[in-house]
Each structure stands twice: as structure tokens, then as C-alpha cells.
Amino acid sequence: MKDLKHRVFFEHLLSDIKNELVSEALDAGQKALGYSCYFVPEVLMNLDGCFSVRLRAPGIADTSIATYYMSEKTCMYSRSILERAIEGGYNFFSALLSTETCSMMHRAHEHFEMLNLVKDQNEDFFVSHIDAPFVTKDYAVKHYARQLKKHVLDRLQSVYGIDVSEKKLLEAIDKHNELCRVVTEIGNYRKQDNPPLTGYEFHLIELVSECCPHDLILPYLRETLEELKTRTPDDAPWYRVRVVLAGGENDDPDFTKLIEDCGAFVVADRYCFGSLPGREEIAVRDGETALDAIARHYIETNECPRFMNPEKVHGRKQYLRQLADAYRADGLIVQQMKFCEYWEYERMYCQHVMEPEYDLPCMGIEKEYVNTSTGQLRTRFQAFVEALEMKKLAKEG
Amino acid sequence: MKYYGGCDVGSTYTKAVILDETGRIAASTILRSKINAAQSSHLAMEQCLSQIPELAKPEDLAYIVGTGYGRNRVPFAHENISEISCHAMGVHITDPTVKAIIDIGGQDIKGIAVAPDGTVKNFAMNDKCAAGTGRFYEAMAHSFEMSLEEFSTLSLKAKNVIPITAQCTVFAESEVIALVGEGKAPEEIAAGIQMAVAKRCFVMAKKAGAINQITLTGGCAKNEGLKKAIEKVLKLKVVELKTDPQLMGALGAAEFARKKGGKTA
């Protein structure tokens, strides 16, 4: 299959958090707002005058200083973010919007304040912490909306003069939905038997949509979508089996590539930084304010294992089964960063129930933020692919 | 007569097996791995081929499967299959009654549950750290200035066991040196090391679903002291294989080659 026109460019954009599109937006006077979690609605950070950048630490090699502050028993993602911040990698940020979704990431963000990071370069820089609910009831959604107003909108308005009026919020939703439509349409090609894109390529596309200013990346995404309409795949599908990749933080396209190199096409991305959920359009219901609609949307679509009420716990497994059906996956890989407080439990749970109760063979992987030693991972993925193939053959008689 | 080859390029040893078309082992070899996996595979296959007069070169084999960590770098293989699937198949054709395997290789431990047809039912694998692997044993034996065989024999002499708390190879080595310095009985320290690895195997065996019996494969399967410790810790019968357990990966690869080569012939 011929290379995607912008694949190398997308890879280049992801090699540095302050990439050329981010720099272009900064030069135009826009404010860069960092965030790490789905509980901080991306749409609120893309009002006129500002743009969102999801926190990554590409190329991080060592987290010694962050480990001193946070201990080695914290996930490597949170330590990598802090290390990169200490190195000055986020000095272009105007604000860091945080939630206490997981205590480790929250601690990393607190260190931005405690160590006076970024602020010594930009005295207006602030860190704002949102109290995100653990339940999905109406009162929790209202609380969440109040938190978003107080810790995101009010701060952006008072510190940077961002217009957070209802009109501007509705405009932001429209723009956000357009980006979601394009990314979703691209992602839907993964449902085909012989698709014109790989899971790795889609991972790149989803990540650039989260790490670049939306108005600047959107033309490239639209062009990619047009390209896919006529891109001809090889005669026979390149993969041996199809898998859903689920789990916690994963902003490493090479991890997806490693899985695909072992013969498993990653057809669906249900992990933090993935598009399922993440790229669903926000609907504003009659009588609902834009902020209420946003709060409701991000609670309703949220698949974080932080929600422990039975409907959500079972709903997450059903969602994985639905994804497997929609994308015709043969199996499920649940990956989790070592020391992740939520996904560690969820991964084990999935390993126990997904095959016997949901007829979806499941493999669990504990990984690091930087996966340098890939030999063992490769063996596991290949063995899983071989086992799935055997199961497929057995089913086909 | 057609022949089929399996080449298991491990991190420490490279193994090769040639099967004839009836499934009989016609040749086998085990040699220390070189840094270059392709070179290791060539050397192992050459040694195997030299045992069968009618064969001269890898191309004389009807089908070859590569396995082991260097499976992607076996230049003459028609395809590669993970060592997890190959160990399951190797054990299955050696003793079909065995349903659970602990494979202790040079750099990892795997627990493998075998389905009735010899395919993998389930598997578990240790993290990337070398605790409890062949490398771990080499480091421990080195602390005692002994060979692995001598170390294994030493552990069998112990009347008591001194627990080793560190799982990390580096820390365990320091702990062993400290215990030796304190004048503790070497055989009891050695037994403690065997017990620590056996406990690690327990986790793998349970994750893989072992119920009443297991077998050991990989180079460490020849460690009698470990076998005894596993029987004690796991309370499971350790089944002896009639073929060298270190050959199971290569044997399984050769069997896959026989199955696949037979179909394509």
C-alpha cells in the first residue's frame, strides 16, 4: 500500500510537543493550554484565542528527577510529564488544566505549582484543578459543570480575557464536532475487511488531532480523508487477526505498530488518548446550555474505570464487546501502565471475564511509558495472534 | 524421505531439531548462542544436518520454522512461530497428557496451558526483569564460583532453607554474597535461591491454569534442585519428559514445520 501523503509529517509533529503547528499558533498570539485527561473537555480549551495540547513527553529517556519528587512507585507517564516539565519542555504553556482523576497525574500537576515550573517563564501561567465526579447521576453532572465553569472558563476569562459566552461555546462545539466527524470518518475505514489504513496510521492521526491546534491540523486531516477514499490497499489483507486495543494511557504509536508487526490489526482504540470514546460529536439538547451539554457529554461517554457503579463497570465490558462486533475484532488486548491505580484492576477484571462472559479472548499487558525492551512484548503479541488464529480455525470447523 | 526442521534461537542457547516425515527425531543439537542470532541458527542447523547423511544444507529440508527470541532472524526459515506455541506443541507430541508447562528460558519465565490439540490455551509471562530466569541462575552460580550443575547439586544437599528476599538478579547476588560473608551454609543459601525461583514459577503456573501436574521446559528444566523446590512449593507433580526438555521449543517448531510442510507438499 502506498504511504499516506502526510504520514511522515504526522510522525514529525508527534516527535516534539512544541511542534511547528503549535509554534505557528503561538506566533499568532494564541494561548496553549495543556491537559492530560479526558475529564478536561478538549472543546473548552479550543475557544477563540486558545488551543489544547494533550500532554506527552516524546523521546523521554530518564525520569530521575521526577522520581525523586514522586517516588518510583508512581506510573511512568506522570513521572515523564513532570520530568519534561522540569526540563522546560512545557514553558510555552499558558495554563495547565488538571483533574484529580488519578492521584499520580494529579501529583505531577501539583508539582508544576510547587516547583514553580513554567511560571518562572510566564508569570500569568496557572494550574487549575477540577474536581471530577465518581458517579454519573444528574447531580454529579451539575457539579462537574460548576467545576468546569469555575476552574476552566472563569480562569481563562479572568486571566487571558477569553470570551466564554454561550455564543462562543456553541461555536467551539461546532468546530470540535467537525474535527470529530473527520477523525471518525477516517477511523471507520478500519471496519473494512481490507482497509486502506492501518491501526498505526490511525493512531498517528488521532494523536495529531489531540496535540495540535485544531484549525491548523484540520486541513491535513480532511486531505487524508479524501486520500483514503481512493487509496488502494494491497490485494490481500496484510493482517492475520483483528484486535481491539483497550486500556489506560497510551500515546505511543510505536506500541500499536509493534502489535501490528506481529500480525494483529488494531481496529479499535479504546484507551486514554484514543478515539473511542473521544471523537463523538457533542449534542446540545433543547433547553440545555452549551456548558451543561458539554458536562453531560463527557460524563456519559466516559469509559474511565474510575467510575465504579455497577452499570458503568458492566457497561465498560459491554462497550468492548460492542466495539469488537462493530469492528469485527477477534480478540482484545488490554494494556496498562505499571502502577496505574485504575487500569491495573480493570485489566485483571477484563482478563477474567471477557472470554468466558463476553466471548472475546483477552490478553493483558503491563507496560511502561517508554517501551525500549520490546522482545518479550513481541513474543506475547505473536503468541496471542497464533492463539486467536487457532480459535478462528476451530470456529470455522 | 522428507525432513522438517525447527530452530529455536534462545538468548542463551540455540537448539535445532530435524524430524522425519513420520515425526521421529532424526537429529538434534544444542549450542551456546552467539551474539548474532542468524549465525547461531546457521551453526545449529549445520550441526543437525551433519547427523543425517542425505542432507547437506537447510534447503534440503521440506519446511523450516524458526522460534525463540531470535526467530525473526533465522534466514533459512519459511516462517517463524512464537516459542510459546512451539513449547506447547513440543510437549504435546512428547507427552499428550501434560496440560501445563513452565518454561524457564535464558531471559524469561512462561507459564503455558496446553489445549487437547497441542495449541496454546492460555499463557502468562514474567515482566522484562530477569528474576528467576536462566540469567538469574547463571549470576547466582557465579556468586558461588560454580557451574550450574554444581550449583543444583549443592542445593540438594541442604537440610534447611535460608530465604532469599530479593527477586532482582542484581540485589539477589548482593544478598547471596552478604550471606556467604556471614558464614551461612552455602547449600542452604542455594536451596533458598531454588525456593525463590519456585515461588515465582508458582505464580506463572497458576496464571496459566495448572491444576494437578506440570512439566518443565527450557534449560533450567535440567536443574534437579529447582524441580524438587517446585514440587514442594506448587504441590504439583513435575512430569519428566522422555525427550530433553531444553529441545521442546525446537521440537515444537519442527512439528509445526512437519504439519505445514506436509500440507504444502
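Chains as they are written, first to last, in my numbering: chain A, 1 to 397; chain B, 398 to 662. Built from N, CA and C at the ideal position, the CB exists for glycine as well. Note that the coordinates shown come from a computational prediction; the quantities given were computed from them, not determined experimentally.
Contact set between the region 372–388 of chain A and chain B, restricted to residues whose Cβ is under 7 Å from the partner: Within the region 372–388 of chain A, those residues whose Cβ lies closer than 7 Å to any Cβ of chain B are, in chain order, S373, G375, Q376, T379, R380, Q382, A383, E386, A387.
Partner residues on chain A for B/F473, Cβ-Cβ distance less than 9 Å: Those do not exist, as B/F473 stays about 20 Å from chain A at its closest Cβ, beyond 9 Å.
Contact the region 601–620 of chain B vs the region 496–504 of chain B: 3+ CB pairs below 8 Å: Yes: at least three Cβ pairs fall under 8 Å.
Chain-ordered neighbours of B/Y460 on chain A, where CB pairs are closer than 7 Å: Result: empty, since nearest Cβ-Cβ is about 17 Å, beyond 7 Å.
Proximity of A/V267 and A/G199 at Cβ, strictly below 9 Å: In contact: A/V267 and A/G199 (Cβ atoms closer than 9 Å).
Close Cβ partners of A/I60 (< 8 Å) along its chain, the five nearest in sequence each way excluded: S80, E83, R84, Y369, V370
7 Å CB neighbourhood of A/K391 in its chain, flanking five on each side removed: Once the five neighbours on either side are set aside, the close Cβ partners of A/K391 are P361.
Touch test, the region 340–359 of chain A against the region 379–390 of chain A, Cβ-Cβ under 8 Å, three pairs minimum: no
Secondary structure, alpha helix (DSSP H): runs of 4+ residues fully inside the region 103–147 of chain A: 103–114
A/R247 vs A/E357 beta-carbon contact at 9 Å: Strictly speaking, residue 247 of chain A in this sequence is Gly, with Arg absent from that position. No, these two residues do not count as a Cβ contact at 9 Å.
Helix, strand or coil at A/Y220 [DSSP, three-state]: For A/Y220, the secondary structure class from DSSP, reduced to helix, strand or coil, is helix.
Spatially closest choice to A/S78 from A/L97, A/L55, A/A95, by CA coordinates: A/L55
Chain A contact for B/I478 (CB, 9 Å cutoff): yes
Candidates A/R231, A/T256, A/D269, of which the one nearest A/G187 by Cα: A/D269
Secondary structure of A/D269, DSSP reduced to three states: In the three-state scheme derived from DSSP, where H, G and I count as helix and E and B as strand, A/D269 is classed as strand.
Residues of its chain near B/I481, where Cβ-Cβ distance is below 7 Å and the 5 sequence neighbours each way are ignored: K507, I509, V517, F520
Among A/V159, A/R190, A/A108, the one whose alpha carbon lies nearest that of A/W238: A/R190
Euclidean distance between Cα positions of A/C262 and A/K395: 22 Å
Contact between the region 571–586 of chain B and the region 474–491 of chain B (3+ Cβ pairs under 8 Å): Not touching, per the Cβ criterion.
Opposing strand residues paired with A/T99 [DSSP bridges]: A/I130
Enclosing beta strand (DSSP E) for B/S425 [first to last residue]: 422–429
Opposing strand residues paired with B/T411 [DSSP bridges]: According to DSSP, which records beta bridges pairwise, B/T411 is partnered with B/V406, B/L428.
Neighbour flag for B/A650 against chain A, beta carbons, 9 Å: no
Same chain, Cβ closer than 6 Å to A/A132, five either side skipped, listed in chain order: Cβ-Cβ distances below 6 Å link A/A132 to F39, T99, T101 in the same chain, with the five nearest sequence neighbours on each side left out; the list follows chain order.
Contact between the region 130–146 of chain A and the region 294–310 of chain A (3+ Cβ pairs under 8 Å): yes
Meets three-Cβ-pair contact criterion under 8 Å: the region 229–238 of chain A and the region 57–71 of chain A: no
Three-state class that DSSP yields for A/Q318 in the structure shown: helix
Collapsed DSSP secondary structure at A/L207 in the structure displayed: Helix, per DSSP.
Status (buried if at least 16 other CB within 10 Å, exposed otherwise) for B/N557: exposed
Nearest-angstrom Cα separation, counted from B/F533 out to B/I590: 10 Å
Close-in-space but distant-in-sequence residues of the same chain around B/H475 (CB under 6 Å, 5 per side omitted): The answer, listed in chain order, is Y460, I461.
Euclidean distance between Cα positions of B/K639 and A/E344: 41 Å
Start-to-end residues for the beta strand (DSSP E) that takes in A/C362: Where A/C362 is concerned, the enclosing beta strand (DSSP E) stretches over 362–367.
Segments of 4+ residues assigned as alpha helix (DSSP H) that fall wholly inside the region 550–580 of chain B: 566–578
Helix, strand or coil at B/R532 [DSSP, three-state]: helix
Exposure of A/C272, with buried meaning 16 or more beta-carbon neighbours within 10 Å: Under a 10 Å Cβ-count criterion, A/C272 is classified as buried, with 16 or more other Cβ atoms of the shown protein chains found around its own Cβ.
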